[in-house]
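K.L.:
Under the numbering used here, think of the first position of the sequence shown as 1, with each following residue one higher.
The beta-carbon is built from N, C-alpha and C at its ideal position, and this holds for glycine as well.
The following block contains the structure, expressed as structure tokens.
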Amino acid sequence: MKKVLCLVLLFIMFFSMLPAPLLATTQDLSSTVRHVRQAVGASNFSERLDWPILALVGAGEKVDSLIRIREQQVRRGELFDARRSTDYHRTIVGAVAAGVNPRNFGGYNLVQKVKDSQRESGKFGDLISGEGENLVNAHIWGILSLYVAGEPIPNRFRALSWLVNNQKEDGGFSVETGMSSSDVDMTGMALMAFAALGLDADHPAVRKALNYLKSQQQDNGDFSPWSSSGPESIAQVIHGLIMLDIDPAGREWTRKGGSLVSALLRYRRADGSFSRRPGGEMDFISTYQALAALGDVNRGESIYTLLHRKNAGFTDLPPNHSAFADVSELVFRQVLSGYPDGTFRPQNPVRRDEFAKMIVAALGKSPGSNLTTTRFADVPPSHWANPYIRVAVEHNLIRGKDKNLFAPADNISGAEVMTILVRALGEEERTVAKPGEAWYAGSVRVAREKGLLYGGFDAARPATRAQCAYSLMRFLEQSGS
């Protein structure tokens with residue numbers, strides 16, 4: 001009885017030490033998603049869909065029907081001003097988030113229009129014609145819309161210089177160049193643009209903007225009332241910080257009364273929606289802005305960075321490559337990633353430890369960095385893939401070469417890939433090999449039936465990264481993920 005009591009107390013102590021905002025974040029997203037879904041699905045809904053689409057995608061939701069509605073609106077000129085540049089910017093963001101090509105959307109090549117709107121100064125015009133040097137937000141969203149679309153920012157140094165030259169003395173930014181006071185949410189957006197332009201937190205202009213935001217943060221973690229603070233402002237700052245690899249719930253952004261994340265959650269109502277002021281009525285804009293920011297917090301990566309990674313592609317994987325679509329989708333789902341030099345190396349063979357990570361990520365199972373296995377002598381607790389191998393083995397997806405060895409550095413064969421995927425589909429009972437057949441024959445039969453076999457399949461040869469991408473994508477389609 002004493003042992004049980006001790007375990008219970010340890011359990012309570014452990015969870016009491018976890019940051020409350022982060023615990024709340026995960027459990028509350030579903031109710032927030034529901035409110036956004038209900039709002040955009042209402043017959044009298046008359047607002048732009050682009051930002052709600054972004055927020056829903058960031059929360060892992062499908063938005064196929066919403067983006068079709070939005071494309072028809074653009075085609076008819078509804079909620080889309082063909083002169084105003086920011087309408088192009090937000091429409092690109094929504095289209096890209098939904099996985100639709102913004103270069104052919106509603107009768108427009110939105111990306112080319114934005115690129116053509118850039119002025120000699122490097123600023124993206126207030127109007128899509130290129131006219132206007134006044135709107136800071138038009139410049140910032142010109143940068144961000146091209147960034148998420150995977151486009152290199154044209155005249156990058158001039159675009160950056162214009163932004164830096166319009167930073168206020170206090171380090172902040174305002175919506176218009178002629179305004180004297182800085183604005184929290186515009187400064188958060190500027191952080192996003194700085195990150196998209198390749199700057200890090202140590203750049204003087206970035207540090208100056210961060211210092212301005214710190215000067216506006218109150219003891220409760222929120223921003224000063226006179227800075228027009230609210231969920232929208234906090235959300236933009238969270239996006240900007242995460243794009244710069246800064247933790248908005250970390251020590252640097254935590255005051256004695258809470259962090260930016262806990263400050264945002266104070267605007268959350270009991271039903272999961274958000275209000276403009278704590279305790280106020282449900283506000284749709286506040287709700288989807290908060291959802292997008294909390295999605296970033298949960299993921300540990302900005303939705304803008306994620307979209308950029310998906311669409312920027314790899315130097316050795318052009319859009320006409322047979323694996324491009326599958327690889328792009330799996331990168332978006334954080335199942336695959338490229339190399340630091342910007343390549344994907346589609347013909348490289350996949351190792352057993354690498355595929356263990358791929359299948360665990362594809363199934364959406366979190367390995368937990370502190371949970372490792374000591375089962376295999378060749379996979380020490382310090383091995384980068386140990387947590388993934390543990391999960392894969394525990395779920396009977398992959399097995400060791402023998403009782404004590406996993407052989408993490410061995411290339412994985414086509415037979416092993418199909419065996420693992422068939423097990424993950426719950427079809428192992430159907431894989432019993434017939435007398436005289438190879439051990440993997442049954443798995444290959446089921447894999448062929450399910451459409452998992454990649455082109456040029458050879459059970460004995462190592463599977464390449466492109467081949468694994470094909471089979472993993474077909475697996476996800478079969479499993480309904």
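1. Give me the DSSP bridge partner(s) of Q217.
2. Pull the bridge partners of D183 from the DSSP assignment, please.
3. Would you kindly work out how many angstroms separate the C-alpha atoms of R345 and G313, rounded to a whole number?
4. Tell me where the alpha helix (DSSP H) around A460 begins and ends.
5. One question on the structure: do V350 and N396 come within less than 8 Å of each other, judged by their Cβ atoms?
6. Which first and last residues belong to the alpha helix (DSSP H) in which S161 is found?
7. In three-state terms, what does DSSP make of F105?
8. Under 8 Å by Cβ, that's how I've got A193 and L144 pegged, so tell me the actual separation to the nearest angstrom.
9. Might you give, ordered along the chain, the residues of its own chain that have their beta carbon closer than 6 Å to the beta carbon of G172, omitting 5 neighbours on each side?
10. Determine the direct distance from the alpha carbon of A459 to that of R268, and round the result to whole angstroms.
11. When the Cα atoms are used, what is the spatial distance from D50 to P408?
12. For E176, collect the residues of the same chain with a Cβ closer than 8 Å to its Cβ; drop the 5 residues on either side in sequence, then sort them by chain order.
13. Using a Cβ-Cβ cutoff of less than 7 Å, which residues in the same chain neighbour A24 once the five nearest sequence positions on both sides are dropped?
14. Mind checking Y339: buried by the 16 CB within 10 Å criterion, or exposed?
15. For T374, is the classification buried or exposed, using 16 other Cβ atoms within 10 angstroms of its Cβ as the cut-off for buried?
16. Can you give the Cα-Cα distance for A392 and L371, rounded to whole angstroms?
17. Any idea what DSSP makes of Q118, helix, strand or coil?
18. For the region 48-84, which segments carrying the alpha helix (DSSP H) assignment without a break, of at least 4 residues, lie completely within its bounds, in sequence order?
19. Do the CB positions of A433 and G442 come within less than 8 Å of each other?
20. By alpha-carbon positions, which one of I359, D316, R90, K123 ends up nearest to N348?
21. Per DSSP, what kind of secondary structure is G338 in: helix, strand or coil?
22. Applying the criterion that 16 or more other CB atoms from any shown protein chain within 10 Å of the CB defines a buried residue, is S481 buried or exposed?
23. Could you have a look at L135 and say whether DSSP puts it in helix, strand or coil?
24. Residues in the same chain with beta-carbon distance under 7 Å from T26, minus the five sequence neighbours each way, listed in chain order, please.
25. Tell me the rounded alpha-carbon separation between D326 and A469.
26. Under 8 Å by Cβ, that's how I've got I234 and D296 pegged, so tell me the actual separation to the nearest angstrom.
27. Using the rule of at least 16 other Cβ atoms within 10 Å of the residue's Cβ for burial, across every protein chain shown, is E354 buried or exposed?
28. What runs of the alpha helix (DSSP H), each 4 residues or longer, lie entirely inside the region 272-338?
29. Hey, out of A190, Y108, G99, V93, whose CA is closest to V164's CA?
30. Roughly how many angstroms separate the alpha carbons of E151 and V111, rounded to a whole number?
31. Taking only runs of the alpha helix (DSSP H) that begin and end inside the region 396-459, which ones reach a length of at least 4 residues, in chain order?
32. From the DSSP output, which residues share a beta bridge with R255?
33. By the 10 Å Cβ neighbour count, where 16 or more other Cβ atoms means buried, how is F406 classified, buried or exposed?
34. Apart from the five residues just before and just after V148, which ones in its own chain have a Cβ nearer than 8 Å to its Cβ?
35. Determine, using beta carbons only, whether A263 and D222 come nearer to each other than 8 Å.
36. Measuring only the C-alpha atoms, how far is I246 from S30?
P.N.:
Looking at the atomic coordinates:
1. As DSSP reads the structure, Q217 sits in a beta bridge with F223.
2. Under DSSP, D183 shares a beta bridge with F173.
3. Rounded to whole angstroms, R345 to G313 spans 12 Å at the Cα level.
4. Annotation for A460: no alpha helix (DSSP H) segment contains it, and DSSP assigns it neither H nor E.
5. Going by C-beta atoms, V350 is not nearer than 8 Å to N396.
6. From DSSP, the alpha helix (DSSP H) with S161 extends over 156-165.
7. DSSP places F105 in the strand class (E or B) of the three-state scheme.
8. A193 to L144, Cβ: 6 Å. Contact.
9. Excluding positions up to five away in sequence, the list reads S182, T187, Y212.
10. Taking the straight line joining both Cα atoms gives about 53 Å.
11. Taking C-alpha positions only, D50 is separated from P408 by approximately 44 Å.
12. Counting only residues of its own chain and dropping the five nearest sequence neighbours on each side, E176 has a CB closer than 8 Å to the CB of N134, L135, V136.
13. Below a pLDDT of 50, predicted positions are generally treated as unreliable, and A24, at 43, falls in that range; the measurement from the model is reported next regardless. Within the same chain, L265 come within 7 Å of A24 by CB-CB distance, once the 5 residues on both sides are set aside.
14. Around the beta carbon of Y339, a 10 Å sphere encloses fewer than 16 other beta carbons of the protein chains shown; the residue is thus reported as exposed.
15. Exposed, by the Cβ-count rule.
16. When rounded, the distance between both Cα atoms is 13 Å.
17. Here DSSP, grouped into helix, strand and coil, assigns Q118 to strand.
18. Every alpha helix (DSSP H) stretch that sits fully inside the region 48-84 and reaches 4 residues is listed by chain position as 50-58, 64-76.
19. It is a contact, given that the beta carbons lie within the stated cut-off.
20. Looking at the Cα atoms, D316 is the closest of the given residues.
21. If DSSP states are grouped into helix, strand and coil, G338 belongs with coil.
22. Answer is exposed; the Cβ neighbour count stays below 16.
23. Under the three-state reduction of DSSP output, L135 falls in the strand class.
24. A caution first: T26 carries a pLDDT of 45, below 50, which makes its placement in the model unreliable, though a value can still be read off. Excluding residues within five positions, the ones whose Cβ falls inside 7 Å are N298.
25. Straight-line Cα distance between these residues: approximately 6 Å.
26. That belief does not hold up - the Cβ atoms of I234 and D296 are roughly 12 Å apart, past 8 Å.
27. Per the 10 Å Cβ criterion, buried.
28. Taken in chain order, the unbroken stretches of alpha helix (DSSP H) that lie wholly in the region 272-338 and span 4 residues or more are 284-299, 303-312, 324-332.
29. In terms of Cα proximity to V164, the closest of A190, Y108, G99, V93 is A190.
30. Here the alpha carbons of V111 and E151 stand approximately 8 Å from one another.
31. Taking 4 residues as the shortest admissible run, the region 396-459 contains the following complete alpha helix (DSSP H) segments, listed from N- to C-terminal end: 414-424, 441-450.
32. Beta bridge pairing from DSSP links R255 with G258.
33. Counting C-beta atoms within 10 angstroms of its own C-beta, F406 has 16 or more neighbours from the protein chains shown and is therefore classed as buried.
34. Within the same chain, V148 has close Cβ partners I92, V93, V96, A97, Y304, L307, H308, N311.
35. Cβ atoms of A263 and D222: closer than 8 Å.
36. Answer to the nearest angstrom: the Cα atoms are 25 Å apart.
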